[in-house]
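Notes follow once the structure below has been shown.
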Amino acid sequence: MSFTNNIVANHEISLTHIDVSSLSPKYRKINLITSCVFTLLVMLIPCFLKLEWFFVMPTGYHDSFYWILLAIAILGLWDFIYHFIADPKKGYALREHDLHFQTGLIFRKHISQPILRIQHIEIKRGPIERKAGLATLQVFSAGGAHHTFYIPGLEHETAIKLRSFILDHTDLTLDE
Amino acid sequence: MNDTSDVATNSNELQEERWAKVAPIGIAYFFFKPLYLFITNGLVYLIPAALLQSEKLKQHIEYVMAGIVIIIALFLISAVLKYLFYAFRLSDERIEIRQGLIQKSHLDLPFEKIQNVKIEQPFYYRFHKYAMVELETAGSASKEANIVALKLENAEALKAKVLYTRQASENNTNERTDNTPSIDDEIVLNTRSIMDLVIHGITNNRIWILLGAAAPFYNPIVENIGTVMEAIGFDIAGYIDYNSQSLGMFVLHILSVVMFIMLFVVLISVIGSIFVFYNYRLSKQDERYIKRSGLITKQEVSMKTSRIQVATQQQDWLDILIGRANIKLEQNSSGISGANQSAQLNNASKLIVPSVTLSESDDLIADVFKQSSVNQQQYKHVSTRYILRLMIFPVVPLILALVCVAYLANFTAIGWLSVTFAIMLMFGLSVLRWFRWGYHFSNNFVFIRKGLLGKNYSIFPIQKVQQTKYKQTIFMRPHKLATIQLVLASGAHSIPYVPDTIAADLIDESLLIVERDKPAWM
Numbered sequence: 042m043s044f045t046n047n048i049v050a051n052h053e054i055s056l057t058h059i060d061v062s063s064l065s066p067k068y069r070k071i072n073l074i075t076s077c078v079f080t081l082l083v084m085l086i087p088c089f090l091k092l093e094w095f096f097v098m099p100t101g102y103h104d105s106f107y108w109i110l111l112a113i114a115i116l117g118l119w120d121f122i123y124h125f126i127a128d129p130k131k132g133y134a135l136r137e138h139d140l141h142f143q144t145g146l147i148f149r150k151h152i153s154q155p156i157l158r159i160q161h162i163e164i165k166r167g168p169i170e171r172k173a174g175l176a177t178l179q180v181f182s183a184g185g186a187h188h189t190f191y192i193p194g195l196e197h198e199t200a201i202k203l204r205s206f207i208l209d210h211t212d213l214t215l216d217e
Numbered sequence: 144m145n146d147t148s149d150v151a152t153n154s155n156e157l158q159e160e161r162w163a164k165v166a167p168i169g170i171a172y173f174f175f176k177p178l179y180l181f182i183t184n185g186l187v188y189l190i191p192a193a194l195l196q197s198e199k200l201k202q203h204i205e206y207v208m209a210g211i212v213i214i215i216a217l218f219l220i221s222a223v224l225k226y227l228f229y230a231f232r233l234s235d236e237r238i239e240i241r242q243g244l245i246q247k248s249h250l251d252l253p254f255e256k257i258q259n260v261k262i263e264q265p266f267y268y269r270f271h272k273y274a275m276v277e278l279e280t281a282g283s284a285s286k287e288a289n290i291v292a293l294k295l296e297n298a299e300a301l302k303a304k305v306l307y308t309r310q311a312s313e314n315n316t317n318e319r320t321d322n323t324p325s326i327d328d329e330i331v332l333n334t335r336s337i338m339d340l341v342i343h344g345i346t347n348n349r350i351w352i353l354l355g356a357a358a359p360f361y362n363p364i365v366e367n368i369g370t371v372m373e374a375i376g377f378d379i380a381g382y383i384d385y386n387s388q389s390l391g392m393f394v395l396h397i398l399s400v401v402m403f404i405m406l407f408v409v410l411i412s413v414i415g416s417i418f419v420f421y422n423y424r425l426s427k428q429d430e431r432y433i434k435r436s437g438l439i440t441k442q443e444v445s446m447k448t449s450r451i452q453v454a455t456q457q458q459d460w461l462d463i464l465i466g467r468a469n470i471k472l473e474q475n476s477s478g479i480s481g482a483n484q485s486a487q488l489n490n491a492s493k494l495i496v497p498s499v500t501l502s503e504s505d506d507l508i509a510d511v512f513k514q515s516s517v518n519q520q521q522y523k524h525v526s527t528r529y530i531l532r533l534m535i536f537p538v539v540p541l542i543l544a545l546v547c548v549a550y551l552a553n554f555t556a557i558g559w560l561s562v563t564f565a566i567m568l569m570f571g572l573s574v575l576r577w578f579r580w581g582y583h584f585s586n587n588f589v590f591i592r593k594g595l596l597g598k599n600y601s602i603f604p605i606q607k608v609q610q611t612k613y614k615q616t617i618f619m620r621p622h623k624l625a626t627i628q629l630v631l632a633s634g635a636h637s638i639p640y641v642p643d644t645i646a647a648d649l650i651d652e653s654l655l656i657v658e659r660d661k662p663a664w665m
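Chains as they are written, first to last, in this note's numbering: chain A, 42 to 217; chain B, 144 to 665.
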């Protein structure tokens, strides 16, 4: 079996020189919308309690009502800003023999998964992802549940293409 | 079912190609195991409730007794039924197990899929030379493949058969002669004397081995401890009565009580260590390690050399003082659930050699990986900025919390002095933590040293890597530092704050070796 990676100069195959493709722009849009909707929903809870339909709240609650709303809003805004800046920075790459995923804003992380070590592979789509035509690719190795490799925010066709590339890879049959 | 009536005789027990039943002693297994689980997982939590209602319970003692009898009877009936509906069938390359009354299951297990064969002798099997064979598969932990009762020699024969068949299929040889390896071919690598186990009990807290087993008896122990003490003329209340004695005497008394308790704890720990590791023998046979030990429940675990992912040498501060270490050989653990300690010790995914000397440790690791001692490598330190990282988290938040508490509680001068001392201690520990971190790469092996008061060394071949992670925070980037994480089938190993070129090189190297040479990890 010939292994073509050999002829490439070492610095060119380094993980510091991998060009990653970014995720679908829809991924950020979905995250931003979900973040807004979720924050508003959470803000509705104290509003509902304020009405005192079922429970009588302690007086301290009414005094700090606006502070509670503000705290939720700040957390929501934080989440929104995070997705706004961090989502475009997420990216993946597929090389001949491995998969890569980059993520993180302050804590940058580059995960590499050799195809040889893949045990099985799944495409996962939640209801919102289905609506948007997106999919998450999950790759399982023997490293265990904490180290499941996943690429979110892929166009469904891209995910299918990636999956069939991996499934057709000759390495997959080698490693049990 | 008439054809299975003669199973208990040796010759027929392992006869192939027909459904066989296990010996009637299997009922004991089906009875004790669920009962034990019932008590340790359920009944223990009812003790507080029972304590609260103890008066009521005492009034209606006859109902309580009746309840216990009924429960035991139910377990007994279920054990007999389970036994009646349990059968297994052996063929040349697979074993099938049929069980269940209401929820029937049929397990078909090819020998190649079996990762480990564990022979266990619970105490109720010991008198009749019976054993249980546990077949561990690589994948799911939930599926239980146990042959619940076989004559010990048949268990050994079955094990030899499973392992031998696997080996033959792996080597692709056609010579399938019947000279299955016997115990005589084994080379004994290590044995542990009672003295070693006593040392192990002192340096390692093995107290839970007994505490776990004693859980159902906590209540009577606690209730009666006072009476026993009084009976031997030990008056606790008078002993620690602050008013009747001087402060110095009081402190001395408290100290001696603490010492007494510590002594007691150590004693229990020593007994626990002897329970698990009694008659410990580690031997090697055809590229396979076999561990045997146990006082009441005898255990035999075997592990194929090629499946070992990582070897760890662990030393507590006490171990460092007396020059001992625990060796742990770990294999694939991704399918194994349940993180409680006692499960881990008995778990076949980890093979522990308790309290060996450092030279014995070197010999063992040399045998496993053909690499020189983990103790004599030239380890490089991680960046000193790691100390700064420890300061930011968790030291400074802890200090702030401590100062807040001290301020709010209006501490006296002595109080503030001890706060200052605690802060200095935390600084010292951070530096020590940094000092312990070290890494060394050679011959495609990764050596990692870490610890705080104790020292842990890990060594693993790069070719076992499953996945790699390169981590760099925006604070590390200007200083060209990065954290490496290499994921193995037995768990992840990190090296923090190394120069980013070294990190990238090691990860590139790991990916290259795995992808080019395609080494097997199992």
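Yeah, the Cβ is synthetic: ideal placement off N, Cα and C, and Gly gets one too. Source: prediction; values computed, not measured.
Quick one: Cα of Glu163 of chain A to Cα of Arg204 of chain A, how far?
-> 8 Å
Enumerated in chain order, which unbroken segments of the beta strand (DSSP E) with a length of 3 residues or greater are wholly contained in the region 579-634 of chain B?
-> 581-585, 588-593, 598-604, 610-616 and 624-631
How would you list, in chain order, the residues of chain A whose beta-carbon sits under 9 Å from the beta-carbon of Ala635 of chain B?
-> Gly184, Gly185, His187 and His188
Can the beta-carbon of Ala183 of chain A be found less than 8 Å from the beta-carbon of Arg158 of chain A?
-> yes
Which residue's Cα is closest to the Cα of Asn587 of chain B: B:Phe536, B:Ser436 and B:Lys607?
-> B:Lys607
Determine the burial state of Gly344 of chain B: buried for a count of at least 16 other Cβ atoms within 10 Å of its Cβ, exposed for fewer.
-> It counts as buried.
Between which two residues does the alpha helix (DSSP H) containing Asn184 of chain B stretch?
-> Unbroken alpha helix (DSSP H) run through Asn184 of chain B: Gly169 to Asn184.
Using Cβ-Cβ distances below 7 Å, what residues of the region 128-159 of chain A are close to chain B?
-> Listed in chain order, the positions of the region 128-159 of chain A with a beta carbon within less than 7 Å of a beta carbon of chain B are His138, Asp139, Ile147, Phe148, Arg149, Lys150, His151, Ile152, Ser153, Gln154, Pro155, Leu157 and Arg158.
List, in order along the chain, the chain B residues whose C-beta lies closer than 7 Å to that of Thr57 of chain A?
-> Ala647
Taking the alpha-carbon positions, what's the Lys593 of chain B to Arg576 of chain B distance?
-> In a straight line, the C-alpha of Lys593 of chain B is about 8 Å away from that of Arg576 of chain B.
Taking all protein chains shown into account, do 16 or more other C-beta atoms lie within 10 angstroms of the C-beta of Lys165 of chain A, making it buried, or fewer, making it exposed?
-> exposed
When DSSP labels each residue in this structure, what does Ala663 of chain B get in the three-state scheme?
-> coil
State the start and end residues of the unbroken alpha helix (DSSP H) segment that holds Ala163 of chain B.
-> Here Ala163 of chain B belongs to no alpha helix (DSSP H), and DSSP marks it neither H nor E.
Mind checking who Thr144 of chain A pairs with in its DSSP beta bridge?
-> A:Lys150
Who are the Cβ neighbours of Ile272 of chain B in its own chain at under 6 Å, not counting the five residues just before and after it?
-> Per the sequence shown, the amino acid found at residue 272 of chain B is Lys instead of Ile. The residues are Leu295.
Would you identify the three-state DSSP class for Leu111 of chain A, choosing helix, strand or coil?
-> Per DSSP, reduced to three states, the secondary structure at Leu111 of chain A is helical.
Chain A residues whose Cβ lies nearer than 7 Å to that of Gln519 of chain B | The premise fails here: Gln519 of chain B is roughly 30 Å from chain A at the closest Cβ pair, so nothing lies under 7 Å.
Straight-line Cα distance separating Tyr123 of chain A from Thr80 of chain A = If I take the Cα positions, the gap works out to 14 Å.
Around the C-beta of Thr563 of chain B, are 16 or more other C-beta atoms found within 10 angstroms, so that it is buried, or is it exposed?
-> By the neighbour-count definition (other C-beta atoms within 10 Å, threshold 16), Thr563 of chain B is an exposed residue.
Residue from B:Ala663, B:Ser412 and B:Ser573 with nearest C-alpha to Thr448 of chain B = Between Thr448 of chain B and the set B:Ala663, B:Ser412 and B:Ser573, the nearest pair of CA atoms involves B:Ala663.
Through-space distance from Ala230 of chain B to Ala163 of chain B, alpha-carbon basis = Cα to Cα, Ala163 of chain B sits roughly 5 Å from Ala230 of chain B.
Taking 8 Å as the threshold, find out whether the region 58-70 of chain A comes into contact with the region 188-198 of chain A through three or more Cβ pairs.
-> yes
Give the C-beta separation of Leu425 of chain B and Ala454 of chain B to the nearest angstrom, bearing in mind that I take them to be a contact with Cβ-Cβ under 8 Å.
-> That pair is no contact at about 13 Å.
Beta-carbon neighbours of Tyr640 of chain B, restricted to chain A and to distances below 9 Å | Going along chain A, no residue has its Cβ under 9 Å from Tyr640 of chain B, so there is no contact; the nearest lies around 14 Å.
Pull up the distance between the alpha-carbon of Leu306 of chain B and that of Ala635 of chain B, whole angstroms please.
-> 29 Å
Could you pull out every residue in the same chain whose Cβ sits closer than 8 Å to the Cβ of Pro642 of chain B, ignoring the five residues on either side in sequence?
-> Ser526, Lys623, Leu624 and Ala625
Assuming Asn422 of chain B and Ser436 of chain B form a contact by the criterion Cβ under 8 Å, report the distance between their Cβ atoms to the nearest whole angstrom.
-> Contact between Asn422 of chain B and Ser436 of chain B is confirmed by a C-beta separation of about 6 Å, below the 8 Å threshold.
Report all residues from its chain with a CB closer than 8 Å to the CB of Met98 of chain A; omit the five preceding and five following residues, and keep chain order.
-> Excluding sequence neighbours, Met98 of chain A sits near Leu90 and Lys91.
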